[in-house]
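Trainee: The structure that follows is given in the form of structure tokens.
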Amino acid sequence: MAITLHCLSGSPYAWRVMLALELKGLAYTPRWLSFDAGDFQSLDFADLNPRRRVPVLVDDGFVLYESAAIVEYLDDAYARTPRLFAADVQARAIERRLVREADQYVAPALEHLVEAVLFTPPEQRSPTQVAAGWTALRAELARWESLVDGEWLVGRLSAADITLFPLLALARRIALRTPEAVGGELTGPRLAAWAARVQALPLVQQTWPPHWR
């Protein structure tokens, strides 16, 4: 078994896969890509993913991109415990639903802020767009406040937790750039306590984005 993960520091999608690999106890080699170095424009990378995005997993020659698909593949291909998705069909369905909700609702709101804050020079940022982005993200995260089930999102640490947490961690990092526009607490107390539990996990600390340290 030889697993290579092509990733970008700070990408919540690549981080999700790293967390899945760590949680499964799978050995892997991260290959950190750089926009500045032109890695995403190389023909070699385009051969792996014609969309030129991370993450890309290479497992003994098998190439797969799209983080949600990679996480499901890892759970199917390496059916060891701990599982990323529950054995119980109903619990597994809820975990998959939460993964899709995070990707379809939280991620687009966050990507609006990535574009408006991280990819826009400070002097060109639109206060109106930035404020609207925080309002939309806070409204979406408020929906998750009631979804915390005990310590984790679905009763145990699962794919749902490692999907949402990197998105929230990136949102908090962006908030440091525009604290005046955030407009209060980003999450309610239950989601904040959940995030603190996830962040304290050794596997999260071990995979913390290098340029965030």
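Residue numbering for the sequence shown follows numbering that gives the first Met the number 0, starting at 0 and increasing by one per position.
Ideal placement from N, C-alpha and C gives every residue a C-beta, glycine not left out.
1) For the beta strand (DSSP E) that contains residue 28, what are its first and last residues?
2) What's the gap between the Cα of residue 42 and the Cα of residue 205?
3) With DSSP as the reference, identify every bridge partner of residue 253, one or two as the case may be.
4) Helix, strand or coil for residue 193? Go by DSSP, reduced to three states.
5) Do you know how far the Cα of residue 56 is from the Cα of residue 216?
6) If residue 12 sits next to residue 53, beta carbons under 8 Å apart, how far is it from one beta carbon to the other, in whole angstroms?
7) Tell me which residue opens and which closes the alpha helix (DSSP H) that residue 73 is part of.
8) Helix, strand or coil for residue 56? Go by DSSP, reduced to three states.
9) Check whether the Cβ atoms of residue 72 and residue 48 lie closer than 8 Å to each other.
10) Assuming contact is defined by CB atoms lying nearer than 8 Å, are residue 160 and residue 197 in contact in what I supplied?
11) Specify, as a first and last residue, the run of the alpha helix (DSSP H) that residue 109 falls within.
12) Assuming residue 211 and residue 172 are in contact, meaning their beta carbons sit under 8 Å apart, how far apart are those beta carbons, in whole angstroms?
Mentor: Quick look at the numbers:
1) Here the beta strand (DSSP E) through residue 28 covers 28–31.
2) 31 Å
3) In the structure as shown, the chain starts at 0 and stops at 212, and residue 253 therefore has no counterpart that could be examined.
4) helix
5) This structure gives no information on residue 216, because the portion of the chain shown stretches from 0 to 212.
6) Contact annotation, residue 12 with residue 53: C-beta distance approximately 7 Å; criterion of less than 8 Å satisfied.
7) 66–76
8) strand
9) no
10) yes
11) 106–112
12) 7 Å
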